[in-house]
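Visitor:
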Amino acid sequence: MRIDWRHYLLLRPLIRTKAEARLAKMIIAYIGVFSFVTVMRFYTFRTYIDLGIFDQALSSTLHGKPFYETPDIVIIPSGNFLGTHFSPLMYLLLPIYALRPEPTTLLVLQTVFLSLGAIPIYRVALHVIHKENPALLLAALYLLNPATQSLNMFDFHLEAFLPFFIGMFYYSLLQRNWPRYFLFLGLSVITMEFASIIIGAVCISVIVSSKQRVRSLILHPYSFLQHDMRQLAIPLLTIPVSVATFYGMLLGSSYFAGTEASAQRQVAGFFSSYGDWTVLGTRLVYWTLLFGSLVFLPLLSPKRLIMIIPWMTVTFVSAIPVFGAIGYQHAGGFAMPYMLLATVYSVDKIGYTLFLKRVLVVAIVVCLIMTPLNPLAQQHLAGIAYEDGLPLPSQHDKLVYQALSLIPGNASILTQNNFFTQFTSRSNAYLYRPSNGIRPDYILADASSRWYVQSTFGTPAVCEEVLQGLVNADYGVIYYADGVILMQKGRLGVTPSSDQLHLLYVRCVPQRSCLGLQCHPAVETSERVRTPSQGAA
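Numbering-wise, the working numbering puts 62 at position 39 of the sequence shown, and it's gapless, one number per residue.
#1: By Cβ distance, which residues of its chain are closer than 7 Å to glycine 271, with the 5 residues on each side in sequence left out?
#2: Does the distance from the CB of phenylalanine 279 to the CB of serine 219 come in under 8 Å?
#3: Since methionine 510 sits in a beta bridge, which residues does DSSP pair it with?
#4: What do you get for serine 417, buried or exposed, if any count of 16 or more other CB atoms within 10 angstroms of its CB means buried?
#5: By the 10 Å Cβ neighbour count, where 16 or more other Cβ atoms means buried, how is leucine 115 classified, buried or exposed?
#6: Candidates Tyr120, Val337, Leu363: which alpha carbon is nearest valine 151's?
#7: Among the residues of its own chain, which have a CB less than 8 Å from the CB of aspartate 497, if the five just before and after it don't count?
#8: Helix, strand or coil, according to DSSP, for alanine 121 in the structure here?
#9: Given this structure, state the Cα-to-Cα distance separating tyrosine 368 from phenylalanine 314, to the nearest angstrom.
#10: Work out the CA separation of glutamate 182 and methionine 215 for me, nearest whole Å.
#11: Whose C-alpha, out of Val340, Phe443, Trp334, Leu524, is nearest the C-alpha of glycine 223?
#12: Hey, quick one: how far does the beta strand (DSSP E) through leucine 307 stretch, first residue to last?
#13: DSSP state of leucine 74, grouped into three classes?
#14: Nearest CA to the CA of arginine 473: which residue from Ile407, Ile430, Ile501?
#15: Considering just the uninterrupted stretch of the alpha helix (DSSP H) at threonine 338, what are its terminal residues?
#16: Can you tell me which of Glu43, Phe446, Gly275 puts its alpha carbon nearest to the alpha carbon of leucine 427?
#17: Measuring CB to CB, does lysine 326 end up less than 8 Å from serine 232?
#18: Between the stretch 351–358 and the stretch 170–181, do at least 3 Cβ pairs fall closer than 8 Å?
#19: With DSSP as the reference, label alanine 408 as helix, strand or coil.
#20: At the level of alpha carbons, what is the spacing between glutamine 491 and tyrosine 528?
#21: Using the beta-carbon count (16 or more within 10 Å), is glycine 55 buried or exposed?
#22: Might you give, ordered along the chain, the residues of its own chain that have their beta carbon closer than 7 Å to the beta carbon of valine 13, omitting 5 neighbours on each side?
#23: Does the stretch 105–119 come into contact with the stretch 138–154, if we say contact requires no fewer than three beta-carbon pairs (one atom in each stretch) closer than 8 Å?
#24: Short of 7 Å in beta carbon distance, which residues of its chain neighbour tyrosine 91, apart from the five on each side in sequence? Order them along the chain.
#25: Can you pull the DSSP bridge partners for leucine 437?
#26: Would you check if the distance between the CB atom of glycine 500 and the CB atom of alanine 468 is smaller than 8 Å?
#27: Kindly identify the DSSP beta-bridge partner or partners of asparagine 495.
#28: Return the residue from the list Pro398, Arg64, Phe217 that minimises the CA-CA distance to phenylalanine 179.
#29: Who are the Cβ neighbours of glutamate 43 in its own chain at under 7 Å, not counting the five residues just before and after it?
#30: Does the distance from the C-beta atom of leucine 509 to that of leucine 429 stay below 8 Å?
#31: From the DSSP output, which residues share a beta bridge with valine 517?
#32: Helix, strand or coil, according to DSSP, for tyrosine 91 in the structure here?
#33: I need the boundaries of the alpha helix (DSSP H) containing methionine 362, first residue and last residue.
#34: Kindly list the residues whose CB is nearer than 7 Å to the CB of glutamine 133, restricted to its own chain and excluding five residues on each side of it in sequence; keep chain order.
#35: What are the boundary residues of the alpha helix (DSSP H) that tyrosine 66 is part of?
#36: Would you mind listing the alpha helix (DSSP H) stretches within the stretch 183–241 that are 4+ residues and don't spill past its ends, in chain order?
Here's what the structure looks like:
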């Protein structure tokens, strides 16, 4: 008797055709490549505060301190991550994280869920175009798109779950599969606050695109009880629910933050620089790049583009820099997946043949040019995904690991942004000195790094803590090599040479004396660098 193991592995209901098998291979290939790339970014010190926040919050929860994280304490007195983003999804992620509680687990998990966003693109395209090949190609465009890959390469973010959740929500609406519709509606709105606004925009897009049924619903209100009209009646009712959910999520955030900030004040934070038209040029470039990566095909389906109006509005009325850079997480979570859904309808309009022969080739070439994996794109596009180069190990990384090996596992530590994720399995790892007067056991910094002088939310940079420790002699240097310095509290340590002091001091405080330290005259080499997640949604 022959046993079909696919039945027992639950693959038979998932992979029913050769096209779906090819889609599965594309997804698996994507997971393999980007899991490797993102994990290598962690091991080469190219992961930052955002990954650290999630890892520390989940790790602290496993150790009895629910979602406690230190980077946001200056903003949320409670230190509870849910005070920053009220995301009940974190409770669902916790059991998965507990299987292997470390930052790389989150990076792989993010890659898996982000790759699954190709499934609703394929399903919607198959539903609309009724051909497997264009559906596969559109799913491939999602995986190749620089916005998708930038979201994947920049730390860990809740936005990575939205392409799959909201995409399946949209597909379930088209299929009139109401149990699945409400399942993915629920998963979407518990992911993060802004998801509720996107859900509302998706529903409006579907309603506006069905004029005849809307007219019938208005003229005959009781017609929503008919099976055929539920496709509009249910999303119509979903709109006020999504608005109420958005408001409720903001109230939940205020509660866990330990502040009295109202929902209105939190929304106003997005528009703190309203009217600053100096950013208009960067926003136009931002949206040109996003539409250009799809050869402007979404513009042929303007009603479907209602789905991206919420994020487009935020980018144009807010001057927060990260909102207008393709190399951050927002484009991949708040715009690109829904632009691709609009592209599905555009391909249906222009015809598959024209799409395959002309447009597809151009779109693939543009995506390959703009991908963060392209060394030529590095340093030329805005955003963290384009600022660090490819994650190739260096001799300097070995020096950092030598310093890391000297730090006990239970010691408290203050460090800089790109080292923070190495310590977030402990709740006493900091990016700045806590306001309660705690003096960490160790200070780790790298004067050759741009993060040495970065200020987190306006707090003193790690370089200032290094200098203060040297001047007050309350920290001793126990390791120094090529700018990498490790200091221990209450330890005599070694005295840095004049050249070493010159590097440590001049990078931090140019054009001043050396505060009594014996170092060379200062030259202006300092820089102020913004934290990646400052002002991020």
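Using N, Cα and C, we set each Cβ at its ideal position, and we do this for glycine too. Predicted model, so just to flag it, every value in this text is computed and none were measured.
Guide: Result, derived from the coordinates:
#1: none
#2: no
#3: Ile466, Val500
#4: exposed
#5: exposed
#6: Leu363
#7: The beta carbon of aspartate 497 sits closer than 8 Å to the beta carbons of Arg462, Lys512, Gly513 from its chain, once the five residues preceding and following it are set aside; these are given in chain order.
#8: helix
#9: 15 Å
#10: 8 Å
#11: With distances taken between Cα atoms, glycine 223 lies closest to Trp334.
#12: Element bounds for leucine 307: not the beta strand (DSSP E) but the alpha helix (DSSP H), 303–315.
#13: helix
#14: Ile407
#15: 332–340
#16: Phe446
#17: A distance below 8 Å separates the beta carbons of lysine 326 and serine 232.
#18: The count of Cβ pairs closer than 8 Å, one atom from the stretch 351–358 and one from the stretch 170–181, reaches three, so the stretches are in contact.
#19: helix
#20: 10 Å
#21: exposed
#22: This structure gives no information on residue 13, because the portion of the chain shown stretches from 24 to 560.
#23: no
#24: Cβ neighbours of tyrosine 91 within its own chain (closer than 7 Å, five residues either side excluded): Ala80, Ser83, Gly102, Asn103, Ser450.
#25: Leucine 437 is bridged by DSSP to Tyr453, Ile466.
#26: In the sequence as presented, glycine is not what sits at residue 500; that position holds valine. Not in contact: valine 500 and alanine 468 (Cβ atoms no closer than 8 Å).
#27: DSSP lists no partner for asparagine 495.
#28: Arg64
#29: none
#30: yes
#31: Val500
#32: strand
#33: 359–373
#34: Asn175, Phe179, Ala183
#35: Its alpha helix (DSSP H) spans residues 41–66.
#36: 185–198, 201–212, 216–231
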